[in-house]
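Visitor: Mind the numbering: the sequence shown is residues 0 to 137 in numbering that gives the first Met the number 0, read in order. Where is the CB? At the ideal position from N, CA and C, for every residue including glycine. The model shown is predicted, which means the values in this text are computed figures rather than measured ones.
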Amino acid sequence: MKIIAALLLLSCASCMMTYKQPEPVVERDFQVGTERAVSVGVPMTRTTTRTGNETFELLLIYLGRGASGAIIESREFSNGYARPAFTQRYEQDSSSPTMTIRNLKIAIASATPNEIHFTVLSDSEPLRRDFPASAPTR
């Protein structure tokens, strides 16, 4: 009986060690180096990461101008559901035309109360999420 239990335990452990998580597929609705213009409330960028049947999405949304510059909000979604705890607002420092939000470096050409003109300068590293665990993105 002990031998059978040991064999079952070993076979289960080997199955777990050989399982490989599917490689994530990252989709972006922007190109680095291309200037874009969006209105208030419209997503500036959308990055979607799919791993198996799991989906993680990050949106950057222009909210208008504040006292010192553009206000941009990042919103996260997991499998189509909003993750409110991971919604953050960023306000541009008036002394710098660039902002770094998550993995994106953005140059703001102009921002009015109704519209923003910007260029994604770099996407330092693909948006990643380790599924199914809820590890933070890098």
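For Lys104, which residues does DSSP report across the bridge?
Guide: In the sequence shown, counting from the first residue as 1, residue 104 sits at position 105. DSSP lists Thr99 and Ser121 as partners of Lys104.
Visitor: Just list the residues that DSSP pairs Phe76 with in beta bridges.
Guide: Within the sequence shown, residue 76 is the residue found at index 77, counting from 1. In DSSP, Phe76 forms a bridge with Glu56 and Ala81.
Visitor: Evaluate Leu126 with the Cβ neighbour count: other Cβ atoms within 10 Å of its Cβ, from every protein chain shown; 16 or more gives buried, anything less gives exposed.
Guide: As a working note, residue 126 is residue 127 in the sequence shown. Annotation note: pLDDT 49 at Leu126 (below 50); position unreliable, coordinate value reported separately. By the Cβ-count criterion, Leu126 is buried, with 16 or more other Cβ atoms from all chains shown falling within 10 Å of its own Cβ.
Visitor: Out of Gln91, Asn113, Ser123 and Thr118, state which residue places its alpha-carbon closest to the alpha-carbon of Val41.
Guide: Numbered from 1 along the sequence shown, position 42 holds the residue referred to as residue 41. The shortest C-alpha separation from Val41 is found at Asn113.
Visitor: For a quick check, are the C-beta atoms of Ala106 and Pro96 less than 8 Å apart?
Guide: What you label residue 106 is simply residue 107 of the sequence shown in a count that begins at 1. What you label residue 96 is simply residue 97 of the sequence shown in a count that begins at 1. Their beta carbons are under 8 Å apart, which means Ala106 touches Pro96 by this criterion.
Visitor: Between the beta-carbon of Asp122 and the beta-carbon of Val31, is there less than 8 Å?
Guide: The residue given as residue 122 occupies position 123 in the sequence shown. The residue given as residue 31 occupies position 32 in the sequence shown. Cβ atoms of Asp122 and Val31: closer than 8 Å.
Visitor: Would you tell me roughly how many angstroms separate the C-alpha atoms of Ile60 and Pro21, rounded to the nearest one?
Guide: Residue 60 sits at position 61 when you count from the first residue of the sequence shown. Residue 21 sits at position 22 when you count from the first residue of the sequence shown. Each residue's Cα considered, the two are about 30 Å apart.
Visitor: Quick one: Cα of Pro139 to Cα of Ile2, how far?
Guide: With the chain running from 0 to 137 in the structure shown, residue 139 is simply not present.
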